[in-house]
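Read the structure below first, then the notes.
Residue numbers (full-length UniProt numbering): 1 to 668.
In structure tokens form, the structure reads like this:
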């Protein structure tokens, strides 16, 4: 049972729901023809073609989206759904081949040789002087614990100012721990999150925030925000993006112009893939994607720098900014044999009439399809809560065995990680279909839905483009964690680990904010997804929460299942878990969690004609934005925040008062 009470502000857009719970706890593609002269004048016309090729694929008038679709076979639907991938693959392979052809020139051979020599230079890469070990623990790292203490000390004045309270009345222990969870969604998400970030910064909420977790496009915003170019300045970030997103990341002419701007540019842009080739023996399309996106977003003709993720420690070492958490997932795509064994055992149980629960067969299939492990990267460490295993971020990319590195190599460059963070095109076909479903013709959706459901098992294990492969830091770890939990054999027995865009499991990164020890009180969820009302973000979060035994989550959070309105929620909705005034015992894992949900939707008070869920240029697969389009996305996000800032002020104050009362009672 839960009780819903609505509070409507003077604005018609925001709605506040308070939910108090009273319940117990390949078709093979031919290689593209390579141009003989990469920088010929004929390449000028190709710039426009490069900038438009993905947008044209996903425009509503695209030729590959027929108006009338006959009943498709599994073969035909695979072909239709994977049509994007061969074209994208050809585009990337074309650039990859031209790049390496260009590198055969003597000057570039010299630069590559320099990069390879530098990879052994301790003066350039201080981490080469250190060995790394796997930290086997469920606890937060020492570095994060120190960060939390420093951040709390700095937050006192900012928090008092935001809730309009005398600082002398604020005890650091009572300040709510706030975490931002921002979704994926390509450049739409990157730009939209930048707008929300700026509004949060200007209104004072960002200074009250402890964590910032991102998926896919939001990770790109975060990486820029913490970059030396930007220095955590949201106004500078907005200005930077306005000048960076008007050329497609796959525009090879633009990339080569950056590549040849200076020797420093060349070394910066090539460092990641040269080191991947040198130490890993190969590069893949996701690596190339990361290099191209990194060049597009982080480099211009005047400046270039190649950094690792650990360099972001400089902006958080004194607690001056929230701790960034970048999320990826690992998908059990090679577990078909185990599923067969499960189904065989299930058949035996059924034949012996020992299986009583209805739907058990379907449940096993669905559970098998949903095997994802979440991995997080912070400037301090990377790892997986469910494995209870962590390594320093600067050591990711090294080979490990039995919990110790077996080699010393430099930290991976950020662009390689950027490709992995945003590698949505490495999705299984079923996830790809879920992403593009909203732009398919209405006559096709029902038939496609039935076919996808029928063949969900095979389509979920088919990745047209392989995820990123890295040396596995958890190779040959013990089978049990310190708490006696089993680690998957498929992880600890593999020398490689395959990671991809976390949006393949849940496009909103709730999970790292629910990690034990972080004790987050309020989650600000920024949903910039394409399938905003139908995506199972909240359902999957509830499943994870039940599996992990987390208390206090606001059950029933999310979009209503049935509604007559276009958008049944406003630009902000607050969901609350069960409110408990008593002091929780030490055995209780979690108190009430409050969720402030900001969907990136139409705001009629800003512009009744601009709906990012429908307008063409806001497609996840659009990577070229004109300046006025950038302004539209940024300004809508800012308006959606400012319209609800008083609601956030009230939420933070109420949470502070509740924590304060609990502490004072405990001290009596």
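We put the beta carbon where it would ideally sit given N, CA and C, even for glycine.
Exclusion of the five residues before and after residue 421 leaves 219 and 326 as the residues of its chain whose Cβ lies within less than 6 angstroms of its Cβ.
Residue 259 and residue 265 have their C-alpha atoms some 6 angstroms from each other. Per the coordinates, the alpha-carbon of residue 635 lies some 7 angstroms from the alpha-carbon of residue 195.
Contact between the region 108-128 and the region 399-411 is established, with three or more Cβ pairs separated by less than 8 angstroms. For the pair residue 402 and residue 293, the Cα-to-Cα distance works out to about 35 angstroms. Cβ-Cβ distances below 6 angstroms link residue 540 to 506 in the same chain, with the five nearest sequence neighbours on each side left out; the list follows chain order. Less than 7 angstroms divides the Cβ of residue 380 from the Cβ of residue 141.
Here residue 392 carries a strand assignment [DSSP, helix/strand/coil].
One thing to note: residue 150 has its Cβ within 7 angstroms of the Cβ of residue 319. In the structure shown, residue 167 falls within a helical segment according to DSSP collapsed to helix, strand and coil. Around the beta carbon of residue 563, fewer than 16 other beta carbons sit within 10 angstroms, so the residue counts as exposed. Here DSSP, grouped into helix, strand and coil, assigns residue 286 to helix. In this structure, residue 488 lies away from residue 399, with their beta-carbon atoms at least 7 angstroms apart.
Beta-carbon to beta-carbon, residue 617 and residue 625 are separated by about 7 angstroms, close enough to satisfy the 8 angstroms threshold. For residue 331, the enclosing beta strand (DSSP E) starts and ends at 323-331.
If you draw a straight line from the Cα of residue 554 to the Cα of residue 201, it comes to about 27 angstroms.
Counting along the chain, residue 576 sits inside the beta strand (DSSP E) bounded by residues 573-576.
Here residue 599 is bridged, per DSSP, to 527. When the beta-carbon positions are compared, residue 538 and residue 570 stay at least 7 angstroms from each other.
In the displayed model, residue 416 falls within a helix according to three-state DSSP. Within the same chain, 230 come within 6 angstroms of residue 236 by CB-CB distance, once the 5 residues on both sides are set aside. For residue 496, the uninterrupted beta strand (DSSP E) run begins and ends at 496-501, by DSSP. The beta-carbon separation of residue 115 and residue 267, rounded to 6 angstroms, stays under the 8 angstroms limit for a contact. In the three-state reduction of the DSSP assignment, residue 405 falls in the strand class, which pools E and B. In the DSSP assignment, the residues bridged to residue 382 are 377 and 391. Counted as a single uninterrupted DSSP element, the alpha helix (DSSP H) harbouring residue 263 occupies residues 263-280. For residue 213, the closest alpha carbon among the candidates 515, 299, 282 and 138 is that of 515.
Closest in alpha carbon position to residue 492, among 223, 389, 508 and 416, is 389. The beta carbon of residue 475 sits closer than 6 angstroms to the beta carbons of 400, 401 and 495 from its chain, once the five residues preceding and following it are set aside; these are given in chain order. Within the region 140-213, the complete alpha helix (DSSP H) runs of at least 4 residues fall at 142-163 and 186-203. Annotation: the continuous beta strand (DSSP E) that includes residue 468 extends over 468-471.
The DSSP assignment places complete alpha helix (DSSP H) segments of no fewer than 4 residues inside the region 503-563 at 537-548, in order along the chain.
Your pair residue 391 and residue 134 checks out as a contact, with CB atoms roughly 6 angstroms apart and the cut at 8 angstroms. Around the beta carbon of residue 643, 16 or more other beta carbons sit within 10 angstroms, so the residue counts as buried. Residue 183 is positioned such that its CB atom lies closer than 7 angstroms to that of residue 527. Buried is the label assigned to residue 321, since at least 16 other Cβ atoms lie within 10 Å of its Cβ.
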